[in-house]
Each structure stands twice: as C-alpha cells, then as structure tokens.
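Colleague:
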Amino acid sequence: MQGLAQQLFAQKLGHSPWKRKEITKWLPLEKLLRDGHLPYIDYALAQELLRPYPNASLEAAAFLCHLSLAAREGHLCVSIEGHQVFPSPSQCWTAASNKSEKLPTEELMLLSDWISQGVSQLPEALISSVGSETSSESAVRPICRWNNLYYLQRYWFYETFLIHHFENLLMNIPSISLDKDLSFGKVDGLGKNKQLLPEQAQAILKACRQCFTVIYGGPGTGKTYTAGRFIQVYWELLSPEERENCEIALAAPTGKAAANLQKSLQRVADNLPHFKPVKAKTLHAMLGINPSRKLLKEEIPYLTADLILVDESSMIDVYLMAHLFASIKPGARLILLGDKYQLPSVEAGSVFADLVSFLHSMETLNSHAAELKICLRAELQGIVDFAGMINQGDASKTLQWLAGNDDSKEVKRIHLENAPYDDKRIAAAQQALIKYSLPFFPKADPEIPPKDLLEEFNRFRMLSPLRKGPFGVDALNALFLKHLLQKETHSAWFIAPIMIVSNDHRLGLFNGEVGLLVRQWPTQSSPSEHAFCKGDYALFPSSDVELNQDGLRRIPAVILPKYEYAYCLSVHKSQGSEYDHVLLLLPEGSELFGREALYTGATRARRRLEIWGSDDVLQATLASPSQRFSGIAKRLIDIRER
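According to the working numbering, the stretch in the sequence shown is residues 93 to 734, in order.
Have a look at this one:
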C-alpha cells in the first residue's frame, strides 16, 4: 500500500518506480539488485533511460548501470577499448555493494563482457558523439561519447567547462607584472639568507612570471611557507599605487583548511609594510556558491582579487574547480597548493592530480608546476619515509619495514585483536580500542586554560576510512560517548571534541571545523537527548586577534549548527588537519579506498603514527590505487596537438 506522497509522485511521473516489473532479459541484474551487489539508484537510471526501448538488451542495461556506478564513485567517465573496461566492475560494483562478501571473479568477468558489449547495443538516441573542443553544444543526449570515453551528460559538461577556462588561464598574461631581475634578486637574497631551498625559490620565480602555478609536495615540504614567501616577494615588488589597489584572496575547500592557511601565512603578512589583512575563506564562500545548486554558467562573475591562493587543492572536485577557473579575471594570478598523492575529492573527479599529470606531460608547460620534495621537519622523517613506501605500493617491503619498527620509531603497528567476524570478537576489539585510546584524550579539568585544553584535545585523533560498520567513525564515536557517560566522574562538566558538518556563515563556522563542546554533565543516557543548559558552550580556534584576544571563539551550545562527535574522524574529513599522534584504523573494507586513503591518514601525523590493521587488509590497500578516471589530460593534449 503506497502512502499519499508516493501516490502523488507516481501520478506526476506517470508510473510507479516502486513497482518493479522484472524484465526477463535483465534477470541477472535483478538478481544482483536483490542480493545487494547493485544499488537500486543505478538500476533505476538504466530502467528509466531504456523505458522507451522495450527490446533493450541486458548488455545495454549493464553498461548504463556501470556508468552510473562509476560516476557515483567519483569517475568522470568510463573507458571501453575492446573487452577492457576502466574503471573495472571489481572497482565500482564492489565499492558500492552493501554486502560484506565480494562478487566472485567469474561474475565480475561476465559483467565486464556485458558492459563492453552493451556500448554497441545502446539505442542511438541516447548517445551524443562529441569532439574534444571546449563547447558543450553538441552534448544534447544523456550520454556523451568522445573516442573511447563515455560520460553522463552532466560530467561531460563539467569537464568541458573546466578545460575551456583552464586553457584561458594558461594563455593569460599577468596584469601586474613583476620585474624579472628584481624578483630574481629578492628570491636569491632569501636563498642566501637560508630562508628558501632552491626548489622553493624556483616555485616562487615561476609564480612571479605567469598567471597559473601549481605548487605541490608531500607533508613537511613547506608548501604554505613557500606561498607565504611568494606573497612577501610579490608585495615588496609592487609600487605604492599597486599596493593601494591590489587585492589578495586566500581560500581552501573547508573551513578548517582555510583557518590553517590563514594561520600559516599570518607570520609573513604581519611583517609586510602597509599590508591589508586578508581573511581566508572557504571556496564556496569566496565564489558565492550555493552548495545545493550544481549549475555552471558562462556568466560566472569574476573575482576582484589580483592574486588568489588556494590550499588543499586535491580536495577540490570538478564542479568547484571549474567554477574557480571561470571566476579568475583576465590577468589575475592563481596559485594552487596541494599534495597529488592525497585522497581525491569526496565529489567527482581527481582534478588536481590530473592537472599536475598533464602539465608534466607537456614540455612547454612544465613551468606551470613546481614540486617540493625535501621534508624540512626532522620529526616527520619516519612518517615521510613510510608515505613514500605507500606511494610505491610495495606491500612486502612496507610490511617488512613496519615489522622492524619498535616503540622508539615514529611509525609502528599496534597489536590489538584484529579482523574479528563474530559479534563477541567485534565487541572485544571495540573495547580494546576504546581502552587503548581514551588515555590520549585529556580529562575535563577546570584548572586547565581553555586554549591549552583545546590544544591538548588536538594532539591525538583516531582515523578510519570507513563511516559505517563496527570500526567506522559513527560506531566508534557512539561507543566513546557511551563509555564516558557510564564512567563515574567528580567533574561537573562534560567535554567532548566535535566537528561541524554544515556551514553557518552567520556564526563563521564551516563544515570540517573541529572544536570542543563544554557542557554540564548530562543526566540522561545520551547527550543528544539532553537539552543544553545555560552556560553550555563550544570552543573553536580563531585567527581574529582583534575580536578574540586569546585566539578562541566561544559559541553558545544552543545555537551551534549541526555537528558530530569527533573522537574518531574519517580519513576524508581529516584532510587539512594535523595531529601529533594518529591512530589509523584499517578494518576490513578499507582496501576499497586504496592506498591514497592510507597515505592521507598516515600524513595527518606530525610525530607519531600507529596503525591497527591486519596484514591482509594492509596488503590489499597498498595494492589498490584509488585512481579516478577522466578525460581531462587526454582532451587537453588532443587540443594542443591539433
């Protein structure tokens, strides 16, 4: 029996999507759907697109399901050459499955055959054949084909829009030119004073000469430090009139990353004569984007800034990067900072890595990319060595290296009960994790100054690639909370780390910011069911010294935007943050996120990294790069070769 809302929706649609009449030819897909190996949303898209074609084949439906799955896993397109399908069904269908057991190899091979054959069996009315030119006028059908690449129309449009504006950026000439000899002299002087390494000096000189520059490197290589020195050189070379009119913008994908960027650059800015204060913003705030809208228009207004510096660029998806490129006014400089080995964006694309790859593939464009390789922080060296091994993907070498580490090393394995399958062993492993981790979180102590308390809480964090499951973020945070609330305490206050999960521009709190919730001790079993008391508040770091002289913001708890507890963070959410000590969990299922998740989690640690996970999961994770597929580099090369 359908509810009223379902009935009205079915009337408007013209049919009921809840009544799925099995299509005889598609019975194998129906079985995958029933068994939890194929999400209904992907099956429903294939059903809807092929509804006007009652004789559509199983193979055509399988291709559409795969294209939809790939897009939801972050790929911009699917490549099909002969019987070769990329991304493969083992990547997409396994990752999207809600079943713990994986599809057998035979079934995955059969799926691959269906998908490769299904392309030629699609109704012609569903496909637009498009050229590599940066115009989307020919993309009028649900699926776009360029050579052997197949896109959902929306992602072809996003990629095309991005390529068009990226080409414009590469061709632009800076409207504020910096004297070549003077800039070289300034940079050379910083080098002689031991304030710059040669590779950092080269990155700055590149940014002085052109409108678009990418500065990338691993942890501790001084990306934001180099950007700060560039701002110093840039500002010192401006005339008084140029300084008066020059506008600089700082941004990052999340509020946390923006705050870190501003903090890193503040030391340089404070010493520059007549330098106007610059407040770092989230990219959405800087670009004026409503997150609920996903449209790109040619009439995107230009930013007024003459220099735009964006940190944590690996986190930027194709939509946001395209919007950013389109908003750069002719002659303005754009500098992207990031680490190409980190996890790609949560949404579609791995644009930063694609652009770095393209720039290095073209001899004439090498000057637009500058890599920083030298780690400047001695305490990070062991973690950096481990990160390098992760990137190489050599599982046996990595496991052997970890086995040789003792308690004095920066990176080590911890041997808690691992890989449990039955409920009893799962519960035991969870309790072992809680018992091991709790001492690293400070206790509520009214004698500790709030700023010190916030810093103490940010020294340690548990990270997991998973959101769901017994060792996912949601379950572990709930267990931490339950355990703490059951403990007897002599304190009248309950203090817990929290992460904001929605933007509140009025309060200046943004998705990803981590703070402390300070409240009177809850009297009920769950603090989420306990109304806030007068005087309950949250602490967040602040870079606005004029308003917050102790470097803290105190927000009344009752007006906080949506938040979640943050004893354990997802690896994705941890990007842009660093902690002295990280406990990185690799439960079964982590391998689906690939070695980039392992690399990202590992490089959040500043001094100490502990890894909890079985050899099997660690090996599978190292063997699985989470590369996302797009046509960005191929299309850009094709445009330049024509």
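Even for Gly, the Cβ is constructed at its ideal location relative to N, Cα and C.
Given the structure is predicted, the values throughout are model-derived calculations rather than measurements.
1) Could you name the residues of the same chain whose beta carbon sits closer than 6 Å to that of residue 124, not counting the 5 residues immediately before and after it, in chain order?
2) Taking 7 Å as the cut-off, decide whether the C-beta atoms of residue 712 and residue 733 are in contact.
3) Does DSSP put residue 417 in a helix, a strand or coil?
4) Please report how far the alpha carbon of residue 660 lies from the alpha carbon of residue 278, in whole angstroms.
5) Buried or exposed for residue 365, please, with buried defined as at least 16 other CB atoms from any protein chain shown within 10 angstroms of its CB.
6) Should the stretch 437 to 454 be called in touch with the stretch 689 to 699, which here means at least 3 C-beta pairs below 8 Å?
7) Rounded to whole angstroms, what is the Cα-Cα separation between residue 739 and residue 303?
8) Residue 430 and residue 317: beta carbons closer than 7 Å?
9) Considering residue 586, what are the terminal residues of the beta strand (DSSP E) in which it resides?
10) Quick one: any contact between the stretch 243 to 255 and the stretch 405 to 418, if contact means 3 or more CB pairs under 8 Å?
11) Using the Cα positions of residue 709 and residue 349, report the straight-line distance between them to the nearest angstrom.
12) At a cut of 8 Å, does the stretch 327 to 344 reach the stretch 460 to 471 through at least three beta carbon pairs?
13) Look up residue 305 in the DSSP assignment and give the residues it is bridged to.
14) Could you tell me which of 148, 393, 534 sits nearest to residue 576, measuring between CA atoms?
15) When DSSP labels each residue in this structure, what does residue 288 get in the three-state scheme?
16) Below 8 Å, how does it come out for the stretch 261 to 274 and the stretch 356 to 376: are there three or more Cβ pairs, yes or no?
17) Going by DSSP, name the residue or residues bridged to residue 611.
18) I'd like to check one pair, residue 653 with residue 629: are the Cβ atoms closer than 7 Å?
19) Identify every run of the beta strand (DSSP E) within the stretch 349 to 381, keeping only runs that are complete inside it and at least 3 residues long; order them along the chain.
20) Who are the Cβ neighbours of residue 241 in its own chain at under 8 Å, not counting the five residues just before and after it?
21) So for residue 666, helix, strand or coil by DSSP?
22) What do you reckon, are the CB atoms on residue 729 and residue 655 nearer than 7 Å?
23) What's the gap between the Cα of residue 694 and the Cα of residue 445?
24) So residue 672 is in the alpha helix (DSSP H); what residue range does that whole segment cover?
25) If contact is defined by three or more beta carbon pairs under 8 Å, each pair taking one atom from either stretch, is the stretch 476 to 488 in contact with the stretch 328 to 339?
26) Rounded C-beta distance between residue 673 and residue 552? I'm assuming under 8 Å.
27) How would you call residue 804, buried or exposed, if buried means at least 16 neighbouring beta carbons within 10 angstroms?
Modeller: The answer reads as follows:
1) In the same chain as residue 124, and ignoring 5 residues on each side of it, the C-beta atoms closer than 6 Å to its own belong to 130, in chain order.
2) For residue 712 and residue 733, no; Cβs fall outside 7 Å.
3) Three-state DSSP puts residue 417 in a helix.
4) Pairing residue 660 with residue 278, the inter-Cα distance amounts to about 45 Å.
5) Classification of residue 365: exposed, given that the 10 Å Cβ count is below 16.
6) In short, these stretches do not touch, since the Cβ pair count stays below three.
7) Only positions 93 to 734 of the chain appear in the structure, and residue 739 is not among them; the question remains open.
8) Contact: no.
9) From DSSP, the beta strand (DSSP E) with residue 586 extends over 585 to 592.
10) Yes: at least three Cβ pairs fall under 8 Å.
11) Taking the Cα positions, residue 709 is about 30 Å away from residue 349.
12) No contact exists between the stretch 327 to 344 and the stretch 460 to 471.
13) Under DSSP, residue 305 forms a beta bridge with 427.
14) For residue 576, the nearest C-alpha among the options comes from 534.
15) It is coil, neither helix nor strand.
16) Counting Cβ pairs under 8 Å, fewer than three are found: no touch.
17) Residue 611 is bridged by DSSP to 586.
18) The Cβ atoms of residue 629 and residue 653 do not sit closer than 7 Å to each other.
19) List check, beta strand (DSSP E) in window: nothing returned.
20) Excluding five sequence positions before and after residue 241, the CB atoms of its chain that fall closer than 8 Å to its own CB belong to 169, 170, 171, 723, 726, given in chain order.
21) Residue 666 falls in the helix class under three-state DSSP.
22) At least 7 Å separates the beta-carbon of residue 729 from that of residue 655.
23) Between the alpha carbons of residue 694 and residue 445 lies a distance of about 19 Å.
24) Secondary structure note for residue 672: it is in no alpha helix (DSSP H), and the uninterrupted beta strand (DSSP E) holding it is 671 to 678.
25) When Cβ pairs closer than 8 Å are counted between the two stretches, the stretch 328 to 339 is seen not to touch the stretch 476 to 488, the count staying below three.
26) Contact between residue 673 and residue 552 is confirmed by a C-beta separation of about 5 Å, below the 8 Å threshold.
27) Since the first residue of the chain shown is 93 and the last is 734, residue 804 is not available in this structure.
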